[in-house]
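Beneath this line is the structure, given in structure tokens, with notes to follow.
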Amino acid sequence: MGSASPIPRYDRIVSLVFVVLIGLAVIFLVDTNPNTLRIVPGGDLPTITLSWFLIGSLTVITSAGADLLARSHPQMQSRTLPVVNLGFVRLELAPTFWVLPSFSVIGSFAFFRLFSGILEGAAFALALLAAGGSLLVVLVAQHYALDRDPEVRQRAQTVLQVIGYLIAFGCFSAVYYTRYRTLYSATMIGLTATLLAVALLAYTPRASNLLLSVLVGLVLAEATWALNYWATTFLMAGTLLLVIFYVIVSLLQHRGAGRLSRRLLLEYSLLGGSLFAAIVYVTLAS
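For the sequence shown, the numbering used here assigns the number 1296 to the initial residue and increments by one for each residue that follows.
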């Protein structure tokens, strides 16, 4: 009889979630202070606030915690991981496991702060709830996505897929809301789509390819360029970008698993076309 599957390190997971929530609370307090540090590069470059640096620091902490949790899983011991040689020490890293935890924090903060003027304190509470909840679910799901039981592994990967698409919607909507020039907005959405595609394709055989993820990012960047000439709301734009992202990633997953067929191509084409038509109709009718 084989040994039982390992249980997630809930003590470490909960500790990391608490650290992230405390950091986000501090960031929201800093963000609401009108006297906080602001760097104005000039021209049409976006203004950089202290919150950007704090979110970056929180992302590093989240990635480091997710990396330690992933590498402690017994199934990771047999995998060949990227190695960083610093001369005096060699570090094995699991960068694929950084993406969804980090974007759980970034996406929640970026999306719900858009509603701070309307919802006030409720937006702050929703951001903390979304960040803490999604981070907890992602870290636990990433553990079970490595499980030896195919059914457990499949359920966990499905959860990660759902969270990944929700994060994508939040990030795409937040970037479009800023109305930055196409050079900046397309770059940000393209980079976000690339990283999320890396995470979502990681569990698909023959599809966890960085080049494919870069192509996904390029398609989303091109779509952003077109959207910037279309007068629509940030929620509609986020939904449309999500539909494009979902269709492309799903087709790549089916291709990697060897299940891609003409019927699937037709189904996803109809799905994508129908959703696009619905979004256009709602936008023009409003």
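Yeah, the Cβ is synthetic: ideal placement off N, Cα and C, and Gly gets one too.
Subject >> Counted within 10 angstroms of its Cβ, other Cβ atoms place ALA1518 as buried (16 or more) or exposed >> reply: Your numbering for residue 1518 matches position 223 in the sequence shown. Buried, by the Cβ-count rule.
Original post:
Three or more C-beta pairs closer than 8 Å, one from the stretch 1404–1419 and one from the stretch 1477–1497: is that the case here?
Top reply: no
Original post:
Can you list, in chain order, the residues of its chain whose CB lies under 8 Å from that of TRP1520, leaving out five sequence neighbours each side?
Top reply: To locate residue 1520, count along the sequence shown from 1; it is residue 225. Around TRP1520: THR1477 and ALA1481.
**OP:** Could you tell me the distance, in whole angstroms, from the CA atom of GLY1512 to the CA atom of THR1489?
**Re:** Stepping through the sequence shown from its first residue, residue 1512 is reached at position 217. Stepping through the sequence shown from its first residue, residue 1489 is reached at position 194. Taking the straight line from one Cα to the other gives about 4 Å.
**OP:** Could you tell me which of SER1508, VAL1542, THR1528 and THR1487 sits nearest to VAL1493, measuring between CA atoms?
**Re:** Your numbering for residue 1493 matches position 198 in the sequence shown. Nearest C-alpha to VAL1493: SER1508.
Original post:
Under 8 Å between the Cβ atoms of LEU1515 and TYR1472?
Top reply: Residue 1515 sits at position 220 when you count from the first residue of the sequence shown. Residue 1472 sits at position 177 when you count from the first residue of the sequence shown. For LEU1515 and TYR1472, no; Cβs fall outside 8 Å.
Original post:
What residues are listed by DSSP as bridge partners for GLU1387?
Top reply: The residue labelled residue 1387 in the question sits at position 92 within the sequence shown. Paired residue(s): VAL1378.
Original post:
Cα separation between VAL1238 and THR1453?
Top reply: Here the chain covers residues 1296 to 1581 and nothing more, so residue 1238 does not appear.
Original post:
What is the rounded straight-line gap between the Cα of SER1429 and the Cα of LEU1316?
Top reply: The sequence position of residue 1429 within the sequence shown is 134, counting from 1. The sequence position of residue 1316 within the sequence shown is 21, counting from 1. Cα to Cα, SER1429 sits roughly 12 Å from LEU1316.
**OP:** Leaving aside the five residues before and after ALA1502 along the sequence, list all residues of the same chain whose C-beta is less than 7 Å from its C-beta, in chain order.
**Re:** The residue labelled residue 1502 in the question sits at position 207 within the sequence shown. Its pLDDT being 49, under 50, ALA1502 is placed unreliably by the model, and the measurement read from it follows with that caveat. Closer than 7 Å at the Cβ level, and outside the excluded window around ALA1502, lie LEU1496, LEU1547, GLN1548, ARG1550 and GLY1551.
Original post:
Whose C-beta lies closer than 6 Å to the C-beta of ASP1326 among residues of the same chain, with five residues either side of it excluded?
Top reply: To locate residue 1326, count along the sequence shown from 1; it is residue 31. Excluding sequence neighbours, ASP1326 sits near SER1346.
Original post:
Where does THR1344 fall in DSSP's three states?
Top reply: Position 49 of the sequence shown, counted from the start, is the residue given in the question as residue 1344. DSSP places THR1344 in strand when its eight states are reduced to three.
Original post:
Relative to the alpha-carbon of GLN1372, which residue among SER1358, ARG1307 and ALA1389 has its alpha-carbon at the smallest distance?
Top reply: Reading the sequence shown from its first residue, position 77 is the one you call residue 1372. Of SER1358, ARG1307 and ALA1389, the residue nearest in Cα terms is ALA1389.
Original post:
From MET1296 to ALA1440, what distance separates their C-alpha atoms?
Top reply: Sequence index remark: in the sequence shown, residue 1296 carries index 1 (1-based). Sequence index remark: in the sequence shown, residue 1440 carries index 145 (1-based). Note that MET1296 scores a pLDDT of 39, beneath 50, so its modelled location is shaky and nothing firm can be said.
Original post:
Does the distance from the C-beta atom of PHE1398 to that of CYS1466 stay below 8 Å?
Top reply: Position 103 of the sequence shown holds residue 1398. Position 171 of the sequence shown holds residue 1466. Yes; because the gap between Cβ atoms is below 8 Å, this pair is in contact.
Original post:
By DSSP, does ILE1302 sit in helix, in strand, or in coil?
Top reply: The sequence position of residue 1302 within the sequence shown is 7, counting from 1. Coil, per DSSP.
Original post:
Hey, would you say ALA1405 sits closer than 8 Å to ALA1359, going by beta carbons?
Top reply: For the purposes of this step, residue 1405 is taken as the residue at position 110 of the sequence shown. For the purposes of this step, residue 1359 is taken as the residue at position 64 of the sequence shown. Taking 8 Å as the Cβ cut-off, ALA1405 and ALA1359 do not qualify as a contacting pair.
**OP:** Pick out the complete alpha helix (DSSP H) segments inside the stretch 1395–1479, 4 residues or longer, and give them in chain order.
**Re:** 1411–1414, 1416–1439 and 1445–1473
Original post:
Considering only C-alpha positions, which residue in the set PHE1313, GLY1485, THR1528 and GLY1567 is nearest to VAL1538?
Top reply: Here residue 1538 refers to the residue found at position 243 of the sequence shown. Of the candidates PHE1313, GLY1485, THR1528 and GLY1567, the one whose C-alpha sits nearest the C-alpha of VAL1538 is GLY1567.
**OP:** Would you give the residue range spanned by the alpha helix (DSSP H) that ARG1550 belongs to?
**Re:** Here residue 1550 is taken as the residue at index 255 of the sequence shown, counted from 1. Counting along the chain, the alpha helix (DSSP H) containing ARG1550 begins and ends at 1529–1551.
**OP:** Decide if TYR1498 is buried, meaning its Cβ has at least 16 other Cβ atoms within 10 Å, or exposed.
**Re:** Against the sequence shown, residue 1498 aligns to sequence position 203. So TYR1498 ends up on the buried side.
**OP:** Give the C-beta separation of LEU1434 and PRO1396 to the nearest angstrom, bearing in mind that I take them to be a contact with Cβ-Cβ under 8 Å.
**Re:** Locating residue 1434 in the sequence shown gives position 139, where the first residue counts as 1. Locating residue 1396 in the sequence shown gives position 101, where the first residue counts as 1. Indeed they touch by this definition, with Cβ atoms about 6 Å apart.
Original post:
The alpha helix (DSSP H) spanning THR1519 covers which residue range?
Top reply: Position 224 of the sequence shown holds residue 1519. Run containing THR1519: 1505–1522, per the alpha helix (DSSP H) assignment.
Original post:
DSSP on LEU1555, reduced to helix/strand/coil?
Top reply: For the purposes of this step, residue 1555 is taken as residue 260 along the sequence shown, with counting starting at 1. It is coil, neither helix nor strand.
Original post:
Would you call the CB atoms of VAL1583 and LEU1491 closer than 8 Å?
Top reply: This structure cannot settle anything about residue 1583, because the visible part of the chain is limited to 1296 through 1581.
**OP:** State yes or no: is the C-beta of SER1451 within less than 8 Å of the C-beta of ALA1436?
**Re:** Along the sequence shown, one-based indexing puts residue 1451 at 156. Along the sequence shown, one-based indexing puts residue 1436 at 141. Strictly speaking, residue 1451 in this sequence is Ala, with Ser absent from that position. In this structure, ALA1436 lies closer than 8 Å to ALA1451 by Cβ.
Subject >> Per-residue burial, TYR1541 [other beta carbons within 10 Å of its own, 16 or more giving buried] >> reply: The residue you call residue 1541 lines up with position 246 of the sequence shown. TYR1541 should be labelled buried.
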